[in-house]
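Visitor:
Chains as they are written, first to last, in this note's numbering: chain A, 61 to 199; chain B, 61 to 199.
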């Protein structure tokens, strides 16, 4: 952990749109209309692995991750929730939560590195962000 | 959750070899010599999503997941730890912990669904299981 301030990784910033600010993490929508896909980025500088967080932060990140998954399961009527902390491309710690369906483009493969992202049309982006803002819990 | 007993999914059983029995989860080595890859399977029947566990079990699974990741980072000198609960193929709740390297076969893509597993040679399998048994913490 460093003493410098937290700043969102530029690639994550470019690939996402902000949804909410939770207690530990920023909640960001992946700008890929193929999958309902949200990421959590804890606002802690210099951390790449979940186990490098302080103990309280570890538990908070789990609570935020599970609350997001449960809300997305309901909101998107998901058949399966995929949850992952990878960091092979962007090392800044972030957790993916993806709503999956047996009919989706990548099933049963994971969504990471699957083809090219398809950015939302502007109205669909506004609607999705609005829906998430209204329906996700406040944590 | 069901009242019937827990039984390891047959596909997970076929793809892995047992390493340890922790408080909540069985610790299983994926029989794929391409990647140091271990999974945790909580011994709770009928659960497919982490958020469907009871609150205490959720926290325990996180503790086991992070302890495994930290131990594997050291043991395998990993450059990145990938952690995921997917369940698209096998719905029984299980958590993957994979030690990754910029030089590995799949990098930076995830390992799930990447090519075909390459089972360990019998001596390498024995050595890897022995090393994990000795070096992983007891939880």
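Cβ coordinates follow ideal geometry from the N, Cα and C atoms, glycine included.
Run through the DSSP bridge pairs and tell me what residue 156 of chain B is partnered with.
Guide: Taking the second chain and counting its residues from 1, one reaches residue 156 of chain B at position 96. Note: residue 156 of chain B sits in a beta bridge opposite B/99, B/144.
Visitor: Helix, strand or coil for residue 75 of chain B per DSSP?
Guide: For the purposes of this step, residue 75 of chain B is taken as the residue at position 15 of the second chain. DSSP places residue 75 of chain B in helix when its eight states are reduced to three.
Visitor: Which chain B residues sit within Cβ distance under 8 Å of residue 126 of chain A?
Guide: Within the first chain, the letter at position 66 stands for residue 126 of chain A. Simply 110, 111, 118.
Visitor: Measuring straight from C-alpha to C-alpha, what distance separates residue 186 of chain A and residue 69 of chain A?
Guide: If you number the first chain from 1, residue 186 of chain A lands on position 126. If you number the first chain from 1, residue 69 of chain A lands on position 9. Each residue's Cα considered, the two are about 23 Å apart.
Visitor: Counting only Cβ pairs nearer than 7 Å, list the residues of chain B close to residue 91 of chain A.
Guide: Locating residue 91 of chain A in the first chain gives position 31, where the first residue counts as 1. Those within 7 Å of residue 91 of chain A in chain B number zero; the least Cβ separation is about 20 Å.
Visitor: Starting from residue 190 of chain B, follow the beta strand (DSSP E) in both directions and report where the run begins and ends.
Guide: In the second chain, counting from the first residue as 1, residue 190 of chain B sits at position 130. Looking at the DSSP string, residue 190 of chain B is not in any beta strand (DSSP E); the run it does join, the alpha helix (DSSP H), is 182–195.
Visitor: Which residues share a DSSP beta bridge with residue 132 of chain B?
Guide: For the purposes of this step, residue 132 of chain B is identified with residue 72 of the second chain, where counting begins at 1. Answer is none; residue 132 of chain B lacks a bridge partner.
Visitor: Nearest chain B C-beta to residue 184 of chain A closer than 8 Å, yes or no?
Guide: Position 124 of the first chain, counting from 1, holds the residue named residue 184 of chain A. No, no contact with chain B.
Visitor: So what's residue 86 of chain B in DSSP terms, helix, strand or just coil?
Guide: By 1-based counting over the second chain, the position of residue 86 of chain B is 26. Here residue 86 of chain B sits in strand by DSSP.
Visitor: For chain B, check one thing: does any of its Cβ atoms lie closer than 8 Å to the Cβ of residue 173 of chain A?
Guide: What you label residue 173 of chain A is simply residue 113 of the first chain in a count that begins at 1. It does: the Cβ of residue 173 of chain A has a partner Cβ on chain B nearer than 8 Å.
Visitor: Taking only beta carbons into account, state which residues of the segment 142–166 of chain A come closer than 8 Å to chain B, listed in chain order.
Guide: Hits within the stretch, in order: 142, 143, 144, 145, 146, 147, 148, 149, 151, 160.
Visitor: Keeping to the same chain, check which residues put their C-beta closer than 8 Å to that of residue 193 of chain A; ignore five residues upstream and five downstream.
Guide: Position 133 of the first chain, counted from the start, is the residue given in the question as residue 193 of chain A. Excluding sequence neighbours, residue 193 of chain A sits near 79, 80.
Visitor: Under 8 Å between C-beta atoms, does residue 129 of chain B make it to chain A?
Guide: Here residue 129 of chain B corresponds to residue number 69 of the second chain, with the count starting at 1. Yes, contact with chain A.
Visitor: Are the beta-carbon atoms belonging to residue 170 of chain A and residue 110 of chain B less than 8 Å from one another?
Guide: In the first chain, counting from the first residue as 1, residue 170 of chain A sits at position 110. In the second chain, counting from the first residue as 1, residue 110 of chain B sits at position 50. No.
Visitor: Could you check the C-alpha separation between residue 88 of chain B and residue 191 of chain B for me, to the nearest Å?
Guide: If you number the second chain from 1, residue 88 of chain B lands on position 28. If you number the second chain from 1, residue 191 of chain B lands on position 131. So the alpha carbons of these two residues sit roughly 13 Å apart.
Visitor: With DSSP collapsed to three states, give me the class of residue 127 of chain A.
Guide: Here residue 127 of chain A is taken as the residue at index 67 of the first chain, counted from 1. It is helical.
Visitor: Would you decide whether residue 85 of chain A is buried or exposed? Buried here means 16 or more other CB atoms lie within 10 Å of its CB.
Guide: The residue given as residue 85 of chain A occupies position 25 in the first chain. Classification of residue 85 of chain A: buried, given that the 10 Å Cβ count is 16 or more.
Visitor: Does chain B have any CB closer than 8 Å to the CB of residue 73 of chain A?
Guide: On the first chain, position 13 is the one that residue 73 of chain A refers to. False, the Cβ-Cβ gap to chain B never drops below 8 Å.
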